[in-house]
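Trainee:
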Amino acid sequence: MAPIQDHMPVKPAGARFFDEMSNAAGEVRPHYQGYVSWFDGIPAERMARKRKEADALFHRSGITFAVYGDEEGAERLIPFDVIPRIIPAQEWLALADGLRQRVRALNAFLYDIYHKQEIIKAGHIPAEQIISNAQYRPEMQGVDVPRDIYAAIAGVDIVRAGAGEFYVLEDNLRVPSGVSYMIENRKMMMRLFPELFAKNRVAPVEHYPDLLLDTLRAVAPKSVLDPTVVVLTPGSFNSAYFEHAFLAQQMGVELVEGQDLFVRDEQVFMRTTQGPQRVDVIYRRIDDDFLDPLAFRPDSMLGVPGLLSAYRAGGVTLANAIGTGVADDKSIYPYVPEMVRFYLGEKPILNNVPTYMLRKPDDLAYTLEHLAELVVKEVHGAGGYGMLVGPASTKAQIEDFRGRILASPEKYIAQPTLALSTCPTFVDAGIAPRHIDLRPFVLSGNEVRFVPGGLTRVALKEGSLVVNSSQGGGTKDTWVLEE
Amino acid sequence: MLSRTADHLYWMARYIERAENLARILDVNNRMLLLPQSEREVVRLWRETLDSIGLLDGYNQTHDKIVPEEVVHFMALDRQNPGSIYSCLRLARENAHAVRGTLTSELWETINTTWLKLREYDIEHLGADDLDAFFEWVKLRSHQFRGVTFATMMRDEANCFLRLGTFIERADNTARILDVKYNFIAEAPRRDDAGEYYQWSALLHSVSAFESYRKVYRDQITPSRVAELLVLRTDMPRSLAHCTAEMTSYLDAVNNQRSTETQRRAGELASSLRYGRIEDVLETGLHNYLTRFIVRINDLGNRIASDFLLPVTG
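Those protein sequence lines, which keep their order, are chains A and B.
Residues in the first sequence are numbered from 1035 upward in steps of one, following the numbering used here.
Residues in the second sequence are numbered from 313 upward in steps of one, following the numbering used here.
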């Protein structure tokens, strides 16, 4: 194994990327000074030992994820990096305001789309963008959901390109995952380096499950006084099963599979050792398509027959609602700032990344000319699959993608390649800057709430901008410093 | 509690108990074979052992004849054999994984670590010496499983189904171990007292009952007392009487509207053991008695599944 560096690397002046820890002159930023002076006092062997310990602990407790199509590594650890990503209090406050605003607007949009569609009538979004969108669920038209909350849980992916310059990459409004890693990473850091938390005022995140349970109970059907909440998982072979089990356990609710539930008289029950028991709120971690074989994919073994009709009748709440995908689709994404203005009458706080919609001839022409500079994504893609990162691709890859775009341009969007910020990270050769993003988890019930920070993902490959765990990404503990 | 959750807990405990008892069976066979005896006898012991745990057909499908080393490998480490120790620990872990949220983190980690360790064993190349250590390890992990359960799990429904699984499996396994060994010793060519003593003590050791026997009887080892100890003594933790008494109390604790008949049958069986006399048992023949017992335990297993768990399929 390569020797571990004793000291934090000093960033060469004039580097291309904003580094979270040090400025362009190589000086440690104020909010990292406490950490760096602590780190410099830690012998390299101790740090190496601690990193090994972290791996062993994650393995023993089975905090793993499954990679589809990979039989050997059916269960793998997500690499955990012990250097935290630190966010100063002031910066977080601004981000928090932006998140609150954005998620409120997205919920308002979903309500509108499934009711009067004012935003279309006002001419802000073309009707065909909604109606012909595969994520739009006509079954939801005119259905009222408790508190008009569609996305009770949102995972908004944010990147930084410069000082104070944050961009939203994606609004994940279907079944965003990763929050268990946020909590486990914190627990691991506290276990490995308790002294760090005595010295630094780090905002806690471990109460997330309490907030989540509160949120889920808040969106129960109105008539229910003491709602029963369950977590619905596709099963123990799902890549995010650890998280499903973790959240159910932390909230103290049942973790159910489709086969555990049944519908009678438009109400949902679970099969228990003492007979059927009524279920009021389902935190479902299954995609719309698999929820109900009678309504959606008939071959789904994961869902519950009749669930949609019970849901439409108000007998049960699904969180998130059916049909939220129409608001986090990449073809709808460019309109989110417009939603903020239209529904809230406010100026958007968080930036959108400028986006070329390749269904538009002008955007298409521009994109085809600049493929080597742009990031091209599938409108319905997720998990870092099916995308082209122009600057990091070979000529052949670019030409291959050009063919795919030309075959069906409406399936793609393009964005400028952002200079994602970096954070020092342990790699084979020592410590080096690696690109990161941030996924805060935003809860909407009685009010919009979250724990400070979120999950920081890091692209471990040098130069890579893709942070997804399925693509070799890792995670870090995320600290929001309290004033 | 979800029926599926109860089902996973119950089977998790059963598979761990089964793995332990397989290790015990293999251990006692090895001990019995330390004595000089004929090739024919050795083959008979292994055939009867395989037969008693329902693995003879499976073995014959993949092997031409009974070779002790191959039988041990088949029962302990064969990944293709669904009844091997390896497979039992894999299934225990799968069941635990499916309900890991219901387990304390200590209990989950105990089971997961057992599985991770088992995968590290170079199981194709374990020598005879390593095997002893391996069986000890399997028993120890099972002890640890129960210890962590006892020390960390709430005394709630989850615990009841878990314990139910442990005791129904143990009742079944003790009956099988006793049956095959008792037969083997009784039918073996008459040997000197020392030889016989050795056989009986190996059997007692295999169910951790050697010291208990000494304490209870303070006398030489006789077949009928061995049978009494393992069948009727309620204070003997691996005896049929103890296992059925425990089963009955856990069944009473989780009772539901459908389970009355199951509770009655379990109680009836437990009472017959609690108040039974070894003379009566031996008069019908221990083999007949144990065969009937195993049928009744199997019936209780099916009834528990249909009353509380997921119905048994196939």
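Note that the Cβ used here is the ideal one computed from N, Cα and C, for glycine as well.
Taking the alpha-carbon positions, what's the residue 1126 of chain A to residue 387 of chain B distance?
Mentor: For residue 1126 of chain A and residue 387 of chain B, the distance between alpha carbons rounds to 59 Å.
Trainee: Do residue 1255 of chain A and residue 1297 of chain A count as a contact pair if the criterion is CB distance below 9 Å?
Mentor: Against a cut-off of 9 Å, the Cβ pair of residue 1255 of chain A and residue 1297 of chain A comes out as no contact.
Trainee: Around the Cβ of residue 1516 of chain A, are there at least 16 other Cβ atoms within 10 angstroms (buried) or fewer (exposed)?
Mentor: Residue 1516 of chain A is exposed by the Cβ-count criterion.
Trainee: If contact is defined by three or more beta carbon pairs under 8 Å, each pair taking one atom from either stretch, is the segment 1367-1386 of chain A in contact with the segment 1136-1144 of chain A?
Mentor: Yes, the segment 1136-1144 of chain A touches the segment 1367-1386 of chain A.
Trainee: Around the C-beta of residue 1467 of chain A, are 16 or more other C-beta atoms found within 10 angstroms, so that it is buried, or is it exposed?
Mentor: Result: buried.
Trainee: Going by beta carbon distance, what residues of the same chain come within less than 6 Å of residue 1285 of chain A, once the five residues before and after it are set aside?
Mentor: So the list reads 1243, 1247, once near-sequence residues are dropped.
Trainee: Within its chain, find whatever has a CB closer than 7 Å to the CB of residue 621 of chain B; leave out the 5 residues flanking it on each side and keep chain order.
Mentor: Closer than 7 Å at the Cβ level, and outside the excluded window around residue 621 of chain B, lie 315, 318, 319, 322.
Trainee: What residues in the segment 1296-1321 of chain A bring their beta carbon closer than 7 Å to a beta carbon of chain B?
Mentor: Those would be 1304, 1305, 1306, 1307, 1308, 1309, in chain order.
Trainee: Under a three-way DSSP split, which group does residue 1188 of chain A fall into?
Mentor: If DSSP states are grouped into helix, strand and coil, residue 1188 of chain A belongs with the strands.
Trainee: If you check the beta carbons only, do residue 1448 of chain A and residue 1389 of chain A fall under 9 Å apart?
Mentor: It is a contact, given that the beta carbons lie within the stated cut-off.
Trainee: How long is the line joining the alpha carbons of residue 1403 of chain A and residue 1141 of chain A, rounded to whole angstroms?
Mentor: Near 37 Å, if we compare the C-alpha coordinates of residue 1141 of chain A and residue 1403 of chain A.
Trainee: Can you pull the chain A residues whose beta carbon is under 8 Å from the beta carbon of residue 425 of chain B, in chain order?
Mentor: The answer, in chain order, is 1094.
Trainee: For a test of the three-state rule: what should DSSP assign to residue 317 of chain B, helix, strand or coil?
Mentor: Of the three classes helix, strand and coil, the one that applies to residue 317 of chain B here is helix, per DSSP.
Trainee: Taking the C-alpha atoms as reference points, what is the distance between residue 1406 of chain A and residue 1499 of chain A?
Mentor: Their backbone Cα atoms lie some 15 Å apart in a straight line.
Trainee: So is residue 413 of chain B in contact with chain A if we call contact Cβ pairs under 9 Å?
Mentor: So yes, residue 413 of chain B belongs to the interface.
Trainee: Taking the alpha-carbon positions, what's the residue 1399 of chain A to residue 1203 of chain A distance?
Mentor: Approximately 23 Å between the Cα atoms of the pair.
Trainee: Along chain B, which residues have their Cβ under 9 Å away from the Cβ of residue 1214 of chain A?
Mentor: What residue 1214 of chain A touches in chain B: nothing, since even the nearest Cβ is about 11 Å away.
Trainee: Taking only the alpha-carbon atoms, compute the straight-line gap between residue 413 of chain B and residue 1397 of chain A and give it to the nearest angstrom.
Mentor: Cα-Cα distance, rounded: 49 Å.
Trainee: Cutting at 6 Å between CB atoms, please list the residues of its own chain near residue 481 of chain B, excluding the five before and the five after it.
Mentor: Only 326, 329, 330 meet the Cβ criterion.
Trainee: Beta carbon of residue 609 of chain B, beta carbon of residue 521 of chain B: below 9 Å?
Mentor: No.
Trainee: May I have the straight-line CA-CA distance separating residue 1459 of chain A from residue 1495 of chain A, to the nearest angstrom?
Mentor: Those two C-alpha atoms are separated by around 11 Å.
Trainee: Take the Cβ of residue 1117 of chain A as the centre, count every other Cβ of all protein chains shown within 10 Å, and call the residue buried at 16 or more, exposed below.
Mentor: When all chains shown are included, residue 1117 of chain A counts as buried.
Trainee: For residue 527 of chain B, which residues in the same chain have their Cβ closer than 8 Å to its Cβ, ignoring the five residues on either side in sequence?
Mentor: Hits under 8 Å: none found.
Trainee: In this structure, how does DSSP classify residue 1327 of chain A when only helix, strand and coil are distinguished?
Mentor: The answer is coil: DSSP assigns residue 1327 of chain A none of H, G, I, E or B.
Trainee: Leaving aside the five residues before and after residue 582 of chain B along the sequence, list all residues of the same chain whose C-beta is less than 6 Å from its C-beta, in chain order.
Mentor: Only 556, 557, 560 meet the Cβ criterion.
Trainee: Can you tell me which of B:470, B:390, B:354 puts its alpha carbon nearest to the alpha carbon of residue 438 of chain B?
Mentor: Checked all of B:470, B:390, B:354; the closest Cα to residue 438 of chain B is B:390.
Trainee: Taking the beta carbon of residue 1061 of chain A as the centre, do at least 16 other beta carbons fall within 10 Å, making it buried, or is it exposed?
Mentor: With fewer than 16 other Cβ atoms within 10 Å, it is exposed.
Trainee: Check for me: the beta strand (DSSP E) holding residue 501 of chain B runs from which residue to which?
Mentor: Taken as a continuous stretch (DSSP letters only), residue 501 of chain B belongs to no beta strand (DSSP E), as it is neither H nor E.
Trainee: Go through the segment 452-527 of chain B residue by residue and report every complete run of the alpha helix (DSSP H) that reaches 4 residues or more, in order.
Mentor: The segment 452-527 of chain B contains these whole alpha helix (DSSP H) runs: 469-499, 505-518.
Trainee: Please classify residue 1076 of chain A as buried or exposed, where buried requires at least 16 other C-beta atoms within 10 Å of its C-beta.
Mentor: Exposed, since its Cβ has fewer than 16 Cβ neighbours within 10 Å.
Trainee: Identify, in the order they occur along the chain, each residue of the same chain with its Cβ nearer than 6 Å to the Cβ of residue 479 of chain B, setting aside the five sequence neighbours on each side.
Mentor: If we look at residue 479 of chain B and ignore the five residues flanking it on each side, its Cβ neighbours are 555, 558, 559.
Trainee: From what residue to what residue does the alpha helix (DSSP H) around residue 552 of chain B run?
Mentor: Its alpha helix (DSSP H) spans residues 552-565.
Trainee: List the residues of chain B that residue 1289 of chain A touches, going by C-beta distances under 7 Å, in chain order.
Mentor: Residues of chain B passing the Cβ test: 413.
Trainee: Would you call the segment 1177-1189 of chain A in contact with the segment 1353-1362 of chain A, where contact means no fewer than 3 C-beta pairs closer than 8 Å?
Mentor: In short, these stretches touch, since the Cβ pair count reaches three.
Trainee: Report the partner residues of residue 1510 of chain A according to the DSSP bridge assignment.
Mentor: Answer by DSSP bridge pairing, in chain order: A:1115, A:1490.
Trainee: Starting from residue 1478 of chain A, trace the beta strand (DSSP E) both ways and give me its first and last residue.
Mentor: First-last of the beta strand (DSSP E) with residue 1478 of chain A: 1475-1478.
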